[in-house]
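A short worksheet on the structure shown next.
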Amino acid sequence: MSDSNGDRMVERVARIIARRTSRRSLLTRLGVFLVAAPVFPLLPVSRALAATAPPKAPLTDFERNAQSKDPTKCDYWRHCAIDGVICGCCGGGIHTCPPGSEPSPTAWIGTCLNPDDGRSYLIAYRDCCGKNICTADKSCMCDGTDREMPVYRPQGDNDIIWCFGQSSMSYHCSTAALIGQAA
Amino acid sequence: MILWAGIGVLTAEVAAQIGAAAEPFARLTPGQSHYLESCGGCHGIQGSSWKRDIPELRGAVGQFLCTAAGREYIVRLPNVAFANMDDRMLAEVMNFVVFGLGGSSAPAGAKQYSPGEVAALRRQPLKNRQLATMRATILAETSAQCGPGRLE
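Protein chains in written order, with the numbering used here: chain A, 1495 to 1677; chain B, 24 to 175.
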């Protein structure tokens, strides 16, 4: 019984719909929908959503505490992935080797956030080689690890001495030259 | 080539929008950024580095696109195939390396790498092979086909 009741109810609803609408209007509406569908992805809302940048990664410990005033300190923003002695403490500069040492043709490259403009920049940590390790103050010996990979992925690890291509593999200190703004 | 010209125009537009004075450093493309982080340390920021042991890319690497084997070889190289990036980004990096750094060394009309092509090639990485021998064979073929390039 309940089945036939249900049948009757559905039939009644179907008949009401059939009386109030025509097949042609259904086709018209369906046609409009089909034509309109490809337009929707172009509406401003969708475009605004597409333009939204992917959620930013949370700041690293280094990035939270980085400063932009003193390049001879480990917390200077460009040193987010430096591993070694800052050349600025050894008679060199942020992109110059101290006298008697030579820049390596190869370098470890990292990406650091500049706290002044909130943008990320590619930084080349070019080691100065051909001279014994610089004996600077302990505060000049840094180990930034942002975006570094474990040592079993050696291409992504900055513990390696980047003096490849130099006549001597003796490590002296590291520079932190700015290459460009990250994409 | 046309694509790179296009990117150049786009970059110029972006720089104009942001304001050139406040933009002392060029905004890199995603392909450039990933190249620098994953490859540029050894191969060099401009694709030229320690020539004795590190293959030269600048003005040279496009030569590989002269043959199908060469085109496949440079994606199947272990450090490329196993690079820590997805197929889409690896295709962008390869296109930057071959057409951007490689410049006119790529044969005229050479096709860009697509993410799908890169995905298929990196699933067949070159392992336990004599890479130097393979490279020499491939470069001999590209020289025969397109004339001698800068690589040997």
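Glycine included, each C-beta is placed from N, C-alpha and C at the ideal position.
(message) Please confirm whether A:ILE1576 has its beta-carbon closer than 9 Å to some beta-carbon of chain B.
(response) Within the first sequence, the letter at position 82 stands for residue 1576 of chain A. No, its Cβ sits nowhere closer than 9 Å to a Cβ of chain B.
(request) Mind listing the chain B neighbours of A:THR1605? Cutoff is C-beta to C-beta under 8 Å, in chain order. (result) For the purposes of this step, residue 1605 of chain A is taken as residue 111 along the first sequence, with counting starting at 1. Chain B residues near A:THR1605: SER56, GLU60.
(message) Quick check: the Cα distance between A:GLN1649 and B:GLN168, rounded to an integer number of angstroms?
(response) Numbered from its first residue, the first sequence carries residue 1649 of chain A at position 155. Numbered from its first residue, the second sequence carries residue 168 of chain B at position 145. If I take the Cα positions, the gap works out to 34 Å.
(request) Please look up how many angstroms separate the CB atoms of A:CYS1581 and A:PRO1592, rounded, as I've assumed it's under 8 Å. (result) What you label residue 1581 of chain A is simply residue 87 of the first sequence in a count that begins at 1. What you label residue 1592 of chain A is simply residue 98 of the first sequence in a count that begins at 1. Their Cβ separation, rounded to whole angstroms, is 6 Å, which keeps A:CYS1581 and A:PRO1592 in contact under 8 Å.
(message) With a threshold of 9 Å between beta-carbons, can A:THR1554 be considered close to chain B, or not?
(response) Taking the first residue of the first sequence as position 1, residue 1554 of chain A is located at position 60. Closer than 9 Å: no.
(request) Report the residues of the segment 93-116 of chain B with a CB closer than 8 Å to any CB of chain A, ordered along the chain. (result) ASN102, ASN107
(request) Using a Cβ-Cβ cut-off of 9 Å, state whether A:TYR1665 counts as contacting chain B. (result) Working through the first sequence from its first residue, we reach residue 1665 of chain A at position 171. No, A:TYR1665 lies away from the interface with chain B (no Cβ there is under 9 Å from its Cβ).
(request) Count the C-beta pairs between the segment 112-121 of chain B and the segment 133-140 of chain B that are closer than 8 Å, then say yes if the count reaches three, no if not. (result) yes
(request) Using three-state DSSP, classify A:SER1633 as helix, strand or coil. (result) The sequence position of residue 1633 of chain A within the first sequence is 139, counting from 1. In this structure, A:SER1633 counts as helix in the three-state DSSP scheme.
(request) Between the Cα of B:MET108 and those of B:GLY125, B:SER56, B:GLY67, B:GLY126, spot the shortest distance and give me the residue it belongs to. (result) As a working note, residue 108 of chain B is residue 85 in the second sequence. That would be B:SER56, whose Cα lies nearest to the Cα of B:MET108.
(message) Considering only DSSP beta bridges, list what A:ARG1502 is partnered with.
(response) Along the first sequence, one-based indexing puts residue 1502 of chain A at 8. Answer is none; A:ARG1502 lacks a bridge partner.
(request) Determine whether the Cβ of B:ILE87 lies closer than 9 Å to any Cβ atom of chain A. (result) Mapped onto the second sequence, residue 87 of chain B falls at position 64. As written in the sequence, residue 87 of chain B is Phe, which differs from the Ile given in the question. Judged by the 9 Å Cβ criterion, B:PHE87 is not in contact with chain A.
(message) Across the segment 1633-1649 of chain A and the segment 1571-1589 of chain A, are there enough close Cβ pairs to call them in contact, namely three or more that are closer than 8 Å?
(response) yes
(message) Suppose you measure from the CA of B:GLN147 to the CA of B:ARG99; what does that come to, to the nearest Å?
(response) As a first step, residue 147 of chain B is located in the second sequence; it is residue number 124 there, counting from the start. As a first step, residue 99 of chain B is located in the second sequence; it is residue number 76 there, counting from the start. Roughly 6 Å between the two C-alpha positions.
(message) Taking DSSP's pairing of strands, which residues face B:GLU95 in a bridge?
(response) The residue labelled residue 95 of chain B in the question sits at position 72 within the second sequence. BP columns for B:GLU95 are empty, so no partner.
(message) Quick check: the segment 86-100 of chain B against the segment 153-173 of chain B, are at least 3 beta-carbon pairs closer than 8 Å?
(response) yes
(message) At 3 residues or longer, what runs of the beta strand (DSSP E) sit wholly inside the segment 1607-1671 of chain A?
(response) 1613-1619, 1621-1623, 1635-1637, 1665-1668
(message) I'd like to know if the segment 1653-1668 of chain A and the segment 1616-1625 of chain A are in contact, where contact means that at least 3 CB-CB pairs between them fall below 8 Å.
(response) yes
(message) According to DSSP, simplified to helix, strand and coil, what is B:GLN69?
(response) By 1-based counting over the second sequence, the position of residue 69 of chain B is 46. Coil.
(message) Threshold first: 4 residues or longer. Then list the alpha helix (DSSP H) segments lying entirely within the segment 1557-1585 of chain A, N to C.
(response) none
(request) Return the residue from the list A:GLY1585, A:SER1614, A:ASN1652 that minimises the CA-CA distance to A:SER1595. (result) Counting from 1 along the first sequence, the entry for residue 1595 of chain A is found at position 101. Looking at the Cα atoms, A:GLY1585 is the closest of the given residues.
(message) Please classify B:SER61 as buried or exposed, where buried requires at least 16 neighbouring CB atoms within 10 angstroms.
(response) Residue 61 of chain B sits at position 38 when you count from the first residue of the second sequence. Buried is the call here.
(request) Reducing DSSP to helix, strand and coil, say where A:THR1605 ends up. (result) Reading the first sequence from its first residue, position 111 is the one you call residue 1605 of chain A. It is a strand residue.
(request) Measure the C-alpha to C-alpha separation of A:ILE1617 and B:ALA106 and round it to an integer number of angstroms. (result) Numbered from its first residue, the first sequence carries residue 1617 of chain A at position 123. Numbered from its first residue, the second sequence carries residue 106 of chain B at position 83. If I take the Cα positions, the gap works out to 20 Å.
(request) Take B:ARG145 as the anchor and find which of B:PRO101, B:LEU124, B:SER72, B:GLY64 has the nearest alpha-carbon. (result) On the second sequence, residue 145 of chain B is found 122 positions in, with the first residue counted as 1. The shortest C-alpha separation from B:ARG145 is found at B:PRO101.
(request) Please decide whether A:ALA1676 counts as near chain B, where near means a Cβ-Cβ distance under 9 Å. (result) Taking the first residue of the first sequence as 1, we reach residue 1676 of chain A at position 182. Output row for A:ALA1676: interface = yes.
(request) Determine the direct distance from the alpha carbon of A:CYS1657 to that of B:ARG182, and round the result to whole angstroms. (result) Examination of residue 182 of chain B is not possible in this model, given that chain B is present from 24 through 175 alone.
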